[in-house]
């Protein structure tokens, strides 16, 4: 009973509305807890097949996330197992499916743990590795003699660990585990974290208006320390330069504008909060914080919005925020240019501190000048998108440096996808926590030359609504 929604992208609001109805049907038919009623008979083979087939038609990340959350704590083992089998095809594209799998590795029912372990091995799910080690112990402990775990469980888990690591036998796994202990890295092809949401066959064709296709390829990220002479800012977190790989994705040609954002913020979907981040503060207002400042015009980048605002706006368009690797590839091309247009700084190619306030004399001069900001100073802040035609990367993506910083979906400290968890917690507890620091990229109208490079990593608290931070969306 897979749904047919034509060319509607899996992140879109329209697909979300359709799939929410399907999920409600699944809950009524199979997942309702009915704690006050007598337990029903186990699912028949036909019912399990129907449940798996219906799940296979789902695509929207929020719906898959809700399904996995319902199943993870469901009291019936056959429901937990059937949902796991149903979401198996989503393991490479949905973080929630992977988290659900890892959760079930700690299930009370042996046959669920065995199934989860086999699936983890089959797909080389890197996130499952630590949980499996806890179950059976490292290879070194049982290479020459049997350890305490015995029976089917230990054998199934050991085989899953071999497959995750790509090892032919226990001895080969021992070497890979030692390498993991030394470097903290799993073998290539194991951890799929940066490929979350990758759905190459689902990319819209042709490329939607206003977006640019970034083809799959290796590219240069970061910079060598010897390439930075007397840096004014700490760039150690961008060292060393590396070669990475990303599959195809689409990215907005320009940052989202105030006109575009305000139209959405005043609409019923914004007030409904249907696709907002689940951890978004209750009763949040999505209208821009600086909407009354005329210097930030309709065609300027949408600033005065926090990370939650950007997340919600893009979710309603079937998009999401770029990871910092996606942003950097779009900005630098494959060869690692320092600026979108090349390696030489051009003060007239972008909106930066020098254009806003004049040539900076020193860091202290920069700080003193920025402290003069008020409702009249400077007269010009951001400028309309597309104002600087040279500020375009080799892929054709514009305005990636200067004018406004851009929110990403990457945690500054862990470099993983953002996972906000502030709901119900006092601000004093999370305001300085590492989990709330987001990578921002590109520099702004207030930034020095060193900050508007394609490799500089800025950071900010994800609930701040600065007039210097905007955003753009991606589809992958």
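Numbering (the working numbering), first residue to last: 5 to 480. Glycine residues also receive a C-beta, built at the ideal position from the N, C-alpha and C atoms.
{"Item": "Own chain partners of residue 463 with C-beta closer than 8 Å, once the 5 adjacent residues on each side are dropped", "Value": "416, 441, 442, 443 and 444"}
{"Item": "Reduced DSSP secondary structure (H/G/I, E/B, other) of residue 397", "Value": "coil"}
{"Item": "Proximity below 7 Å, CB of residue 249 to CB of residue 306", "Value": "no"}
{"Item": "Three-pair Cβ contact test at 8 Å for the region 60-71 versus the region 81-94", "Value": "yes"}
{"Item": "Endpoints, beta strand (DSSP E) assigned at residue 216", "Value": "215-218"}
{"Item": "Three-state class that DSSP yields for residue 270 in the structure shown", "Value": "coil"}
{"Item": "Residue 321 - partner residues in DSSP beta bridges", "Value": "16"}
{"Item": "Three-state class that DSSP yields for residue 149 in the structure shown", "Value": "At residue 149 the pLDDT is 49, less than 50, meaning the model places this residue with poor confidence; the figure from the coordinates comes in the next sentence. Of the three classes helix, strand and coil, the one that applies to residue 149 here is coil, per DSSP."}
{"Item": "Proximal residues to residue 243 (C-beta, below 7 Å), its chain only, five neighbours per side dropped", "Value": "226, 227, 228 and 229"}
{"Item": "DSSP-derived helix/strand/coil call for residue 22", "Value": "helix"}
{"Item": "Cβ neighbours of residue 149 in the same chain (closer than 8 Å, five flanking residues each side left out)", "Value": "Confidence at residue 149 is low in this model, with a pLDDT of 49, below 50, so the placement of that residue should be treated as unreliable; the coordinate-derived value is given next. Counting only Cβ-Cβ distances below 8 Å, and skipping sequence neighbours, we find nothing."}
{"Item": "Contiguous alpha helix (DSSP H) assignments of at least 4 residues, all confined to the region 310-362", "Value": "311-319, 328-336 and 357-361"}
{"Item": "Burial state of residue 115, where buried means 16 or more other Cβ atoms lie within 10 Å", "Value": "exposed"}
{"Item": "Reduced DSSP secondary structure (H/G/I, E/B, other) of residue 260", "Value": "coil"}
{"Item": "Residue environment, residue 83, which counts as buried when at least 16 other CB atoms sit within 10 Å", "Value": "buried"}
{"Item": "For residue 98 and residue 194, the rounded distance between their alpha carbons", "Value": "16 Å"}
{"Item": "Supposed contact pair residue 283 and residue 479 - C-beta distance, whole angstroms, cut 8 Å", "Value": "About 23 Å separates the two Cβ atoms, so there is no contact after all."}
{"Item": "Beta bridge counterpart(s) of residue 463 as assigned by DSSP", "Value": "443"}
{"Item": "Rounded separation between residue 253 and residue 46 - CA only", "Value": "43 Å"}
{"Item": "Straight-line gap, residue 127 to residue 160 (C-alpha atoms, nearest Å)", "Value": "15 Å"}
{"Item": "The region 214-224 / the region 284-291 touching (three or more Cβ pairs under 8 Å)", "Value": "no"}
{"Item": "Supposed contact pair residue 382 and residue 360 - C-beta distance, whole angstroms, cut 8 Å", "Value": "5 Å"}
{"Item": "Alpha helix (DSSP H) segment containing residue 167, residue limits", "Value": "156-169"}
{"Item": "Inter-residue Cα distance where the pair is residue 456 and residue 314", "Value": "21 Å"}
{"Item": "Endpoints, beta strand (DSSP E) assigned at residue 221", "Value": "221-225"}
{"Item": "The region 333-349 in contact with the region 424-438 per 3-pair CB rule at 8 Å", "Value": "no"}
{"Item": "Where the alpha helix (DSSP H) through residue 373 begins and ends", "Value": "367-374"}
{"Item": "Cutoff 8 Å; reference residue 168; Cβ partners in own chain excluding five residues on either side", "Value": "124, 125, 128, 129, 130, 132, 133, 136, 190 and 194"}
{"Item": "Residues near residue 70 in its chain [Cβ-Cβ closer than 7 Å; skip 5 each side]", "Value": "27"}
{"Item": "Distance between beta carbons of residue 461 and residue 410, contact taken as under 8 Å", "Value": "Going by Cβ atoms, the distance from residue 410 to residue 461 rounds to 12 Å, so no, they are not a contact pair."}
{"Item": "Coil, strand or helix - residue 200 by DSSP", "Value": "Residue placement at residue 200 is flagged as unreliable, the pLDDT there being 49, under the threshold of 50; a coordinate-derived value is accordingly withheld."}
{"Item": "Simplified DSSP assignment, three categories, for residue 413", "Value": "strand"}
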